[in-house]
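In the numbering used here, the protein residues as written are 246 to 443.
Data first, discussion second: the structure below is written as structure tokens.
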């Protein structure tokens with residue numbers, strides 16, 4: 246079984262990648278699995294794609310191994326695409342899912358249900374020493390709930406209702422979520438590379 250490094254310290258993301266990559270007979274390691282010190286990576290790109298490439302190339306360069314990195318977030322139409330690339334730290338410099346959700350709900354407090362359209366976006370970059378980095382985007386369309394619900398997942402899952410559903414992403418099982426998620430759609434676009442790797 247092949248091993249692949251995912252450039253993240255987010256346990257929720259690691260679990261999702263692990264489940265999705267298992268069908269390719271690939272096990273994943275994250276930045277949490279390295280004893281070596283990993284310098285903070287400044288994600289100063291202007292898009293999900295740019296930030297995912299920055300992360301992937303930095304780790305691939307440091308360890309000289311193939312790396313997959315993603316940058317993902319929530320785009321809300323009524324907020325002109327916010328929180329967007331600032332999703333993880335929308336309520337402040339410390340990552341706090343609860344505060345981020347509270348801020349979004351407060352900003353949408355006067356927005357009716359039919360105007361709460363939104364999407365999860367994920368850009369997945371693959372960086373390999375000596376090769377050109379490539380990146381793909383996946384999305385999951387939906388809307389923002391009137392109030393949070395569910396205990397599964399992470400991030401904005403408790404307030405995001407996928408299209409054609411009445412449940413939030415946090416009310417989905419991990420298998421249900423992984424079958425429709427923005428991350429899944431991005432990974433499908435790099436499937437040929439994953440099959441070649443496995």
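Quick reminder that beta carbons are idealized off the backbone N, C-alpha and C, glycines included.
Sequence-distant residues of its chain with Cβ nearer than 7 Å to residue i (five each side left out)
i, result
"residue 386", "364, 408"
"residue 394", "403, 413, 415, 416"
"residue 340", "333, 334"
"residue 435", "369, 371, 381"
DSSP three-state assignment for residue i, whether helix, strand or coil
i, result
"residue 408", "coil"
"residue 304", "helix"
"residue 297", "helix"
"residue 326", "coil"
"residue 288", "coil"
"residue 366", "strand"
"residue 336", "coil"
"residue 394", "coil"
"residue 283", "coil"
"residue 441", "helix"
"residue 400", "coil"
"residue 267", "helix"
"residue 435", "coil"
"residue 419", "helix"
"residue 356", "coil"
Chain-order list of residues whose beta-carbon lies under 8 Å from that of residue i (same chain, five-residue window excluded)
i, result
"residue 254", "275, 276, 277"
"residue 259", "251, 253, 273, 275, 277"
Whole-Å CB distance - residue i paired with residue j, under 8 Å assumed
i, j, result
"residue 309", "residue 374", "5 Å"
"residue 389", "residue 353", "6 Å"
"residue 273", "residue 299", "Incorrect: roughly 20 Å between the Cβ atoms, too far for contact."
"residue 292", "residue 346", "23 Å between Cβ atoms; not a contact."
"residue 384", "residue 369", "Actually they are not in contact, since the Cβ atoms of residue 384 and residue 369 sit about 12 Å apart, beyond 8 Å."
"residue 418", "residue 396", "Their Cβ separation, rounded to whole angstroms, is 12 Å, which puts residue 418 and residue 396 out of contact at 8 Å."
"residue 382", "residue 320", "Rounded, the Cβ-Cβ distance is 12 Å, inconsistent with contact."
"residue 301", "residue 314", "4 Å"
"residue 360", "residue 323", "5 Å"
Counted within 10 angstroms of its Cβ, other Cβ atoms place residue i as buried (16 or more) or exposed
i, result
"residue 262", "buried"
"residue 267", "exposed"
"residue 343", "exposed"
"residue 316", "buried"
"residue 337", "exposed"
"residue 248", "exposed"
"residue 424", "exposed"
"residue 427", "buried"
"residue 431", "buried"
Identity of the residues DSSP links to residue i by a beta bridge
i, result
"residue 276", "None, per the DSSP bridge assignment."
"residue 389", "405"
"residue 349", "Paired residue(s): none; residue 349 is not in a bridge."
"residue 383", "367"
"residue 321", "363"
"residue 250", "274, 312"
"residue 372", "312"
Close Cβ partners of residue i (< 6 Å) along its chain, the five nearest in sequence each way excluded
i, result
"residue 379", "371"
"residue 286", "300, 303"
"residue 288", "296, 299"
"residue 306", "none"
"residue 357", "none"
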